[in-house]
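Number of protein chains: 2
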Amino acid sequence: MQSLAERLRQQGRLGFVPTMGALHKGHLQLVQVARRRCDYVVVSIFVNPIQFGPNEDYRTYPRDFTRDQRLLKEVGTDVIFSPDVAEMYPVGYATCIEVKDLTRYLCGKSRPAHFRGVTTVVAKLFNIVKPHLAVFGQKDAQQAFVVKRMVTDLNFDVKILVVPTVREPDGLAMSSRNTYLTSDQRREATVLFRSLQLAENLIKNGERDAGRIKMAMRRLIKSSSQGKIDYIDVVDTEKLAPVKQIAGEVLVALAVYFGKARLIDNIIIRV
Amino acid sequence: MQSLAERLRQQGRLGFVPTMGALHKGHLQLVQVARRRCDYVVVSIFVNPIQFGPNEDYRTYPRDFTRDQRLLKEVGTDVIFSPDVAEMYPVGYATCIEVKDLTRYLCGKSRPAHFRGVTTVVAKLFNIVKPHLAVFGQKDAQQAFVVKRMVTDLNFDVKILVVPTVREPDGLAMSSRNTYLTSDQRREATVLFRSLQLAENLIKNGERDAGRIKMAMRRLIKSSSQGKIDYIDVVDTEKLAPVKQIAGEVLVALAVYFGKARLIDNIIIRV
Numbered sequence: 026m027q028s029l030a031e032r033l034r035q036q037g038r039l040g041f042v043p044t045m046g047a048l049h050k051g052h053l054q055l056v057q058v059a060r061r062r063c064d065y066v067v068v069s070i071f072v073n074p075i076q077f078g079p080n081e082d083y084r085t086y087p088r089d090f091t092r093d094q095r096l097l098k099e100v101g102t103d104v105i106f107s108p109d110v111a112e113m114y115p116v117g118y119a120t121c122i123e124v125k126d127l128t129r130y131l132c133g134k135s136r137p138a139h140f141r142g143v144t145t146v147v148a149k150l151f152n153i154v155k156p157h158l159a160v161f162g163q164k165d166a167q168q169a170f171v172v173k174r175m176v177t178d179l180n181f182d183v184k185i186l187v188v189p190t191v192r193e194p195d196g197l198a199m200s201s202r203n204t205y206l207t208s209d210q211r212r213e214a215t216v217l218f219r220s221l222q223l224a225e226n227l228i229k230n231g232e233r234d235a236g237r238i239k240m241a242m243r244r245l246i247k248s249s250s251q252g253k254i255d256y257i258d259v260v261d262t263e264k265l266a267p268v269k270q271i272a273g274e275v276l277v278a279l280a281v282y283f284g285k286a287r288l289i290d291n292i293i294i295r296v
Numbered sequence: 026m027q028s029l030a031e032r033l034r035q036q037g038r039l040g041f042v043p044t045m046g047a048l049h050k051g052h053l054q055l056v057q058v059a060r061r062r063c064d065y066v067v068v069s070i071f072v073n074p075i076q077f078g079p080n081e082d083y084r085t086y087p088r089d090f091t092r093d094q095r096l097l098k099e100v101g102t103d104v105i106f107s108p109d110v111a112e113m114y115p116v117g118y119a120t121c122i123e124v125k126d127l128t129r130y131l132c133g134k135s136r137p138a139h140f141r142g143v144t145t146v147v148a149k150l151f152n153i154v155k156p157h158l159a160v161f162g163q164k165d166a167q168q169a170f171v172v173k174r175m176v177t178d179l180n181f182d183v184k185i186l187v188v189p190t191v192r193e194p195d196g197l198a199m200s201s202r203n204t205y206l207t208s209d210q211r212r213e214a215t216v217l218f219r220s221l222q223l224a225e226n227l228i229k230n231g232e233r234d235a236g237r238i239k240m241a242m243r244r245l246i247k248s249s250s251q252g253k254i255d256y257i258d259v260v261d262t263e264k265l266a267p268v269k270q271i272a273g274e275v276l277v278a279l280a281v282y283f284g285k286a287r288l289i290d291n292i293i294i295r296v
């Protein structure tokens with residue numbers, strides 16, 4: 026992959042979409058964006074063990090390479106890079122990359138080693154695939170911020186593009202983990218996006234107190250679902266640190282468990 | 026530098042020597058090795074603040090850009106890259122790279138954040154300079170091991186070459202910090218290499234007990250200098266962990282203070 030990438034990079038613009046497979050329309054949207062902007066598109070499929078916590082769903086994470094391959098072909102992928110775990114983390118592996126500050130809150134709080142696993146694997150993939158452009162989804166908002174920070178800090182010669190979340194008709198953000206949902210949970214899971222819309226409306230109508238916004242979101246989720254809230258947060262988009270008063274640009278983000286599915290969603294709001 | 030590097034890399038083999046300036050014959054040897062093997066040679070001069078501990082010599086580390094520039098020209102350097110601290114670590118900087126295991130002993134023990142600073146800056150420099158080959162000195166043996174490990178683990182497309190230590194006629198390893206020595210200390214400082222030669226002779230004559238070897242080295246240093254020993258260690262060359270019995274390949278390494286100069290030296294011995 027690395028020597029192929031070195032050649033492709035010299036012949037044209039190289040776009041890259043890192044994924045964990047189990048592809049949905051959100052992923053395919055990222056590939057289409059890369060397709061439009063680049064001469065070559067590489068997609069990686071790698072379920073990265075080090076970004077999962079010990080009690081998380083690494084083993085059960087959905088995998089369907091044949092289907093992924095077909096879908097990627099349909100949207101014009103040139104190369105699928107799908108390494109083994111033992112190739113990526115051989116015996117004696119000892120290195121990690123950490124972005125401080127931005128990983129303190131939100132998912133970084135509930136999943137302590139998660140972003141270290143993400144930045145480490147993304148750096149490895151960037152060194153292997155050598156892209157000019159890498160495309161990430163806004164659904165994983167904190168991941169996008171953290172990867173951008175790493176790219177800036179470590180001087181990776183890669184442009185990061187973040188693409189809006191693709192949603193089901195009823196507003197649920199596309200996610201590989203939606204397949205974990207029972208049909209009842211699936212119906213109730215729309216409450217994530219509805220609670221974000223509620224926050225947006227409250228802010229539009231003048232509410233500036235983050236505590237009251239979070240309270241209203243919490244009430245909506247509890248009253249209309251069995252979802253167990255992991256976090257609801259309103260943070261600034263510089264440090265991703267909780268704010269008390271809405272000002273400038275904020276990220277409203279939440280994580281809610283439905284059974285074994287931990288779903289996340291977010292919106293960015295400017296006032 | 027990065028866009029120049031991108032162009033140079035496509036035109037020929039790009040060699041790189043990262044330095045902190047205050048150049049001596051050891052550095053120039055690294056440049057000459059790169060010169061022989063590559064079409065273009067880039068040398069960076071950057072006194073990297075994050076690899077110095079709070080009570081170390083970051084502020085007083087010798088700096089002489091004009092002299093360095095002249096010396097580098099003489100050995101055929103194509104590009105000198107000498108960034109500002111504020112360019113390398115701007116406000117909001119938050120990322121670090123850590124190599125575990127290999128940094129637990131030797132200098133990693135006495136200088137807890139040192140290698141994190143080294144790997145972080147080397148990764149940044151690799152991303153900016155995009156070399157095919159990077160040349161390091163054997164004098165900083167642990168650094169060479171740690172950088173190689175990082176390059177393998179993070180899939181950097183850079184070959185690492187480690188060049189034998191260049192010594193003064195009396196055996197003292199060349200170091201920018203030798204300029205800190207008074208003439209008495211300079212005379213006594215030869216004891217570092219003499220103690221390594223003693224270890225080599227003991228092993229050659231059949232000694233296999235690391236404890237006895239270290240004891241003999243310690244005795245020699247104490248009896249013939251005012252040097253304050255930081256550490257003397259015998260470690261394997263896989264994990265850089267202390268060994269009790271000499272077997273296979275070992276690294277014998279030490280750090281000794283002479284006044285404010287902390288000097289290091291090492292040899293690798295195969296039995």
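As they're listed, the protein sequences go chains A and B. Counting in my numbering, the first sequence runs from 26 upward without gaps. Counting in my numbering, the second sequence runs from 26 upward without gaps. C-beta atoms are modelled at their ideal positions from N, C-alpha and C, and glycine is treated no differently.
Are residue i and residue j close, meaning C-beta to C-beta below 7 Å?
i: T120/A; j: D261/B; result: no
i: L206/A; j: A286/A; result: yes
i: R244/A; j: E274/A; result: no
i: Q210/B; j: F90/B; result: no
i: D255/A; j: P267/A; result: no
i: Q167/B; j: L223/B; result: no
i: V191/B; j: G40/B; result: no
i: I153/B; j: M26/B; result: yes
i: I271/B; j: R219/B; result: no
i: A148/B; j: I122/B; result: yes
i: E198/A; j: D82/A; result: The amino acid occupying residue 198/A in the given sequence is Ala; Glu does not appear at that position. The answer is no: Cβ separation not under 7 Å.
i: R62/A; j: V124/A; result: no
i: Q94/B; j: Q35/A; result: no
What does a CB cutoff of less than 6 Å around residue i pick up in its chain, not counting 5 residues either side in sequence?
i: V183/A; result: F151, P156, A159, V176
i: F140/B; result: T128, G133, V171
i: V72/B; result: M45, Y86
i: K269/A; result: A235
i: V42/B; result: L55, V56, A59, V68, V160
i: G78/B; result: R136
i: S250/A; result: E213, V216
i: I75/A; result: G142
Short of 8 Å in beta carbon distance, which residues of its chain neighbour residue i, apart from the five on each side in sequence? Order them along the chain.
i: E31/A; result: K155
i: V188/B; result: Q54, L55, V58, V160, F161, G162, Q163
i: L227/B; result: R237, I238, A241
i: T204/B; result: A47, P87
i: V100/A; result: L53, V56, Q57, R60
Cβ closer than 7 Å: which chain A residues qualify as neighbours of residue i?
i: C121/B; result: E123
i: Y118/B; result: D178
i: L127/B; result: A119
i: F181/B; result: N152
Spatial neighbours of residue i within its chain, please: C-beta separation below 7 Å, excluding the five flanking residues on both sides.
i: I292/A; result: L221, E225, V277
i: P6/A; result: Residue coverage of chain A in this structure runs from 26 to 296, which leaves residue 6/A outside it and unanswerable.
i: L33/A; result: L39, Y65
i: I246/A; result: V216, S220, G252, I254, V281
Along the chain, where does the alpha helix (DSSP H) that runs through residue i open and close?
i: K253/B; result: Not the alpha helix (DSSP H): K253/B falls in the beta strand (DSSP E), residues 253 to 261.
i: V58/B; result: 50 to 62
i: A169/B; result: 166 to 178
i: V143/A; result: 139 to 154
i: A286/A; result: No alpha helix (DSSP H) holds A286/A; the beta strand (DSSP E) holding it covers 286 to 295.
i: S69/A; result: Unbroken run through S69/A is the beta strand (DSSP E), 65 to 70; no alpha helix (DSSP H).
i: K184/B; result: Careful: K184/B lies outside any alpha helix (DSSP H), inside the beta strand (DSSP E) at 184 to 188.
i: V110/B; result: 110 to 113
i: E213/A; result: 208 to 213
Between residue i and residue j, which are expected to be in contact by the criterion C-beta below 8 Å, what is the C-beta distance as a whole number of angstroms?
i: T102/A; j: V146/A; result: That pair is no contact at about 19 Å.
i: D64/B; j: R38/B; result: 5 Å
i: L97/B; j: I105/B; result: 6 Å
i: A47/A; j: R84/A; result: With 8 Å as the limit, A47/A and R84/A do not qualify as a contact, their Cβ atoms being about 14 Å apart.
i: K264/A; j: D126/A; result: 6 Å
Could you give the residue range of the beta strand (DSSP E) that holds residue i?
i: F90/A; result: That residue, F90/A, is in no beta strand (DSSP E); its alpha helix (DSSP H) goes 90 to 99.
i: F218/B; result: Premise fails: F218/B lies in the alpha helix (DSSP H), 216 to 229, not in any beta strand (DSSP E).
Going along chain A, which residues have a C-beta under 8 Å from residue i?
i: I228/B; result: Correct list: empty, because the minimum Cβ distance to chain A is about 26 Å.
Quick one: list the residues of chain A neighbouring residue i, beta-carbon separation under 9 Å, in chain order.
i: Q27/B; result: N180, D182
So with CB distances below 8 Å, who are the chain B contacts of residue i?
i: E31/A; result: D182
What does residue i reach in chain B if we use C-beta pairs closer than 7 Å?
i: K149/A; result: L179, N180
i: Q35/A; result: Q35
i: R174/A; result: A119, T120
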